[in-house]
Each structure stands twice: as structure tokens, then as C-alpha cells.
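Colleague: So in the numbering used here the end of the sequence shown lands on 434, straight run, no missing numbers.
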Amino acid sequence: MHILLKNVKVIAPSSPFHGQQKDISIQNGIIQQVGDHLEDARATVISGENLHVSAGWMDIFAHFCDPGLEHKEDLYTGVKAAATGGYTTVMVVPNTQPALHTKPQIEYVLSKTRHAATTVLPIGAVTKNLEGSSLAEMYEMQQTGAVAFSDGLKPVQSPGLLLKALQYIKAFDGTLIQLPDDQSISAHGLMHEGIYSTQLGMPGKPALAEELIIQRDLELAKYTDSRIHITGVSTRKSIELIAAAKADGIRVTCSVTPYHLSLTDAQLVNYDANLKVNPPLRTADDVKAIQEAIVHGTVDCFATHHVPQEWDAKTVEFEYAKNGMIGLESSFGVIRQHMPQLPLEQHIAMLTEKPRAIFKQPQPAIQEGAAANLTIFDPAAEWEFTTAHIASRSKNSAYIGSSLKGKVVATVNGPVFHVNK
Numbered sequence: 014m015h016i017l018l019k020n021v022k023v024i025a026p027s028s029p030f031h032g033q034q035k036d037i038s039i040q041n042g043i044i045q046q047v048g049d050h051l052e053d054a055r056a057t058v059i060s061g062e063n064l065h066v067s068a069g070w071m072d073i074f075a076h077f078c079d080p081g082l083e084h085k086e087d088l089y090t091g092v093k094a095a096a097t098g099g100y101t102t103v104m105v106v107p108n109t110q111p112a113l114h115t116k117p118q119i120e121y122v123l124s125k126t127r128h129a130a131t132t133v134l135p136i137g138a139v140t141k142n143l144e145g146s147s148l149a150e151m152y153e154m155q156q157t158g159a160v161a162f163s164d165g166l167k168p169v170q171s172p173g174l175l176l177k178a179l180q181y182i183k184a185f186d187g188t189l190i191q192l193p194d195d196q197s198i199s200a201h202g203l204m205h206e207g208i209y210s211t212q213l214g215m216p217g218k219p220a221l222a223e224e225l226i227i228q229r230d231l232e233l234a235k236y237t238d239s240r241i242h243i244t245g246v247s248t249r250k251s252i253e254l255i256a257a258a259k260a261d262g263i264r265v266t267c268s269v270t271p272y273h274l275s276l277t278d279a280q281l282v283n284y285d286a287n288l289k290v291n292p293p294l295r296t297a298d299d300v301k302a303i304q305e306a307i308v309h310g311t312v313d314c315f316a317t318h319h320v321p322q323e324w325d326a327k328t329v330e331f332e333y334a335k336n337g338m339i340g341l342e343s344s345f346g347v348i349r350q351h352m353p354q355l356p357l358e359q360h361i362a363m364l365t366e367k368p369r370a371i372f373k374q375p376q377p378a379i380q381e382g383a384a385a386n387l388t389i390f391d392p393a394a395e396w397e398f399t400t401a402h403i404a405s406r407s408k409n410s411a412y413i414g415s416s417l418k419g420k421v422v423a424t425v426n427g428p429v430f431h432v433n434k
């Protein structure tokens, strides 16, 4: 396979070509040449105005629903959605049936996606069957290829069990991922507890449910000197707690979703079930705090929290709708649209270098002789997001019909080349 990228601007601080307009020749998954006015009669040519290229993007928290929930998504459609959104690497949560809690389940995910357009990295479960009662065989899963550990959409509730898990992963310097949600507090909450939940007559989930579990987990991480990553951070106080913990030397990193930095609880006035997510959408002040934390570097990276739900799971009364929103295909455009103050280079670092550093993944290089792991995009393209742009099996996105800025053109992941139509 021959690919020729024409006149693309390189965004990769570690590359000697950073900030330069270059042609890049790729053959059989290897970058053969980076230069000017390159030609290759056999190549598929990618060219256009304002094209940029970076190392392939990485998402750290997505649900591909396979095995067991393939009516929502499977590994094939999940990979297609990821590549469409510009991601060459995606970490998938263990909330499948059966759960990714043993060595064979990790092997299943790896074997089915070995030569895919997107490298799929399984997150191993912390507890057996995600039941929160006893630890899973984390060491065996780590040896097989699990890149981190989490109970995913069902965060560990027991402090004693989480303490043991944090101690256990120190043997291989692993990282534990927690979605911050104390399920004993307003377990039946449907949205953020505040003015709008009162006006809409819906049970609220207070910010306290998130902030208490973050406080608890930070104390446990400090006690064990282990590595914890908190994803889906959504409140001002949560950000402040994490910033203080970082300053205190606690080994904590965090990520936010595109919807928590762009949408608020005020937008639930029409009872759109696609806006039912966990943690819930918060206030305008919380959104402002998250955006400021991104720019200032308190937030380490983005996480799409891509959670497919079939039509029947969302087209019901709000109370009965399932949590979650797809996000892989729209993520880049949402962030560029709603955070024009975020420098492009910083945005790309949060999609490439930072997540890979947190989870100890190899950093792709844009230089001759390196394996091609690239995302090609136009950061200024303005477009309307429609169902035609969705490659996921499910269509549960609140951004359908929205104007976005920044569009993915193609990805290259070794010998696998994906071009968006």
C-alpha cells in the first residue's frame, strides 16, 4: 500500500518537522520519506487546503459492548466509529457480558482487533464480574495485554476493596481508572441536582456524589502511593480537589468528556434522553471551570465516554432511558467548536502524547523509517454533524444537527488506511 500526504502541516513537537508543511510518503505502513514536492504514481494521494497531520489520536474510555451486547455496538463497528473520529488507539471498558475480568476475555478482544484500523486496548475489570465484591485476576490480565484496570461504568464503591486494588497494581506499576460516582447518594437521580431538576420535577443527583468519591479515592491513592486516573470529571470542586492533590504529589491524572465541557443541565428542558449521562451534565459555572482547567493543564487528556445505546434504550420516558452518549465521531469537532481558546498544539497533545504517557503506551513518531500511526485533519473546517457521519451501530448523540469545527479526513495505523467519505 502506497499513500502520499501532500502539503500537510505537521503537529508533533517531538518530530523534527513540527510546524512545517511537508509531503509524507508511506509504503506498507512505514513512513518512507518526509520532504517537499514528493511524487509516487502508485500512491493514494490525500491533499486539500489546510490539512494537518499528527500522531494518531488515543481515546481512553469507550464502550464497544462486545462480547454480549452487540446490538448496541461490536468490535467491528466500534473500530469503524473510532477511525471515523480520528482515533488510531482506543481503550475499551470491561462492561461486557461476560465482563472483561479474566485472561480469555482480554485475549478475545485483542485477537478480534489485531489488524484493525484502530488498535483496541482492553481495560481489565477490577472486580470479578464487575460485582464489586472480590478482586479479579488483574496480574494475569496485565500479562495478557490489559493496559489499565477499572470497573468502568460501575465504579468500585467499597473503599476497602479499592485500597486492595491500588496496592495490588503497584506490583506492575499499573493504573486504576475510576468514574466518580457514589451510587449510595441519590441512586435514583436522573440529572444534576439544582435549579433545573427542581423546575423539571426530576430527581437530582448532587455534585456531592462525585466529589465525595474523588476525595475518598485521592486519600486512598495517597495512602498507597499508587496511580489513579479519574475520568468524567464534571464539577468545579472536583477540579479543585484534583489540582490540590497533584500539588500534594499524589499520583493522580484526570480526563473530561466533550459533553461535560460543552453542555449544561439547562439543556435538559426538552427531556432529550440523549443528554442523560453519568456523571450528569452540570451547571454553566462547572463547564466554565472545566474549560479553564483544560487550558491551565489540570486536565490531562480527553475521554469520549463513547457509550452506544440502541434506539429502544433512548426512545422512552426520560426516567427509563439508559445513560450514555456516543462520542468518537464528534469529539474533535465538539471540542474545537466549544473551546476556541484552546491552542491547537495543546489540544493535539491531549489526544496523543498525554494519554499514551499516562498509560505507558509507545509514542508514534513522524519521521522517516517509523511505523505510520497518523491522523489527518482540518482543524478549521466547519460542518454540520448528521447521522451520515456516524459509523457506530447506535445513533444516540445529542450533537446531531449541531455545527462543529474541525474535521477528520483520514487515519493511518500501520498498513491499515481509513479515509472518511
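Positions of the beta carbon are idealized from the N, C-alpha and C atoms, including for glycine.
Using only alpha-carbon positions, find the residue among Pro117, His273, Gln228, Gln170 that is nearest to Val265.
Modeller: Out of Pro117, His273, Gln228, Gln170, Gln228 has the C-alpha closest to the C-alpha of Val265.
Colleague: In or out: Lys373 buried (at least 16 other Cβ within 10 Å) or exposed?
Modeller: Flag for Lys373 reads exposed.
Colleague: Counting along the chain, where does the beta strand (DSSP E) carrying Leu134 start and finish?
Modeller: Segment 132–137, the beta strand (DSSP E) holding Leu134.
Colleague: Return the chain-ordered list of same chain residues with a C-beta closer than 8 Å to the C-beta of Gln380, the five sequence neighbours on each side being excluded.
Modeller: Correct list, in chain order: Ser28, Pro29, Phe30, Ile44, Val47.
Colleague: By DSSP, does Ala68 sit in helix, in strand, or in coil?
Modeller: Strand, per DSSP.
Colleague: Does the distance from the C-beta atom of Gly99 to that of Ala385 stay below 7 Å?
Modeller: Not in contact: Gly99 and Ala385 (Cβ atoms no closer than 7 Å).
Colleague: If Ala159 and Gly145 are in contact, beta carbons under 8 Å, what's the gap, nearest whole angstrom?
Modeller: Not a contact, Cβ separation roughly 18 Å.
Colleague: Along the chain, which unbroken stretches of the alpha helix (DSSP H) at least 4 residues long are found entirely within the region 59–105?
Modeller: Within the region 59–105, the complete alpha helix (DSSP H) runs of at least 4 residues are 88–97.
Colleague: For chain B, check one thing: does any of its Cβ atoms lie closer than 7 Å to the Cβ of Asp278?
Modeller: Given the protein chain composition of this structure (a single chain), no chain B is represented.
Colleague: Please report the distance separating the alpha-carbon of Val432 from that of Ala96.
Modeller: Rounded to the nearest angstrom, the two C-alpha atoms are 8 Å apart.
Colleague: Can you have a look at Ser60 and say buried or exposed, based on whether 16 or more other CB atoms are within 10 angstroms of its CB?
Modeller: Label assigned to Ser60: exposed.
Colleague: Going by beta carbon distance, what residues of the same chain come within less than 6 Å of Ala393, once the five residues before and after it are set aside?
Modeller: The answer, listed in chain order, is Asn63.
Colleague: Taking only the alpha-carbon atoms, compute the straight-line gap between Ser11 and Lys167 and give it to the nearest angstrom.
Modeller: What is shown of the chain runs 14 to 434, which leaves residue 11 out entirely.
Colleague: To the nearest angstrom, how far is it from the Cα of Glu86 to the Cα of Cys78?
Modeller: Taking the straight line from one Cα to the other gives about 5 Å.
Colleague: Taking the alpha-carbon positions, what's the Ser199 to Lys93 distance?
Modeller: Rounded to the nearest angstrom, the two C-alpha atoms are 37 Å apart.
Colleague: Counting only runs of 3+ residues fully inside the region 216–274, write out the beta strand (DSSP E) ranges in chain order.
Modeller: Listed in chain order, they are 240–244, 265–269.
Colleague: Just to confirm before moving on: does the CB-CB distance between Thr328 and Asp72 stay below 7 Å?
Modeller: Against a cut-off of 7 Å, the Cβ pair of Asp72 and Thr328 comes out as no contact.
Colleague: Per DSSP, Asn426 forms a beta bridge with which residues?
Modeller: Answer is Asn386, Val429.
Colleague: Among Gly32, Leu82, Gln376, Ser38, which has the Cα closest to the Cα of Ile16?
Modeller: Of the candidates Gly32, Leu82, Gln376, Ser38, the one whose C-alpha sits nearest the C-alpha of Ile16 is Ser38.
Colleague: Between which two residues does the alpha helix (DSSP H) holding Ile339 run?
Modeller: It is not in any alpha helix (DSSP H) - Ile339 carries neither H nor E in the DSSP assignment.
Colleague: Alpha carbon to alpha carbon, how far is Glu358 from Val133? Give it in angstroms, no decimals.
Modeller: Between Val133 and Glu358, the C-alpha separation is close to 25 Å.
Colleague: What are the start and end residues of the beta strand (DSSP E) that includes Leu203?
Modeller: No beta strand (DSSP E) contains Leu203, which DSSP labels as neither H nor E.
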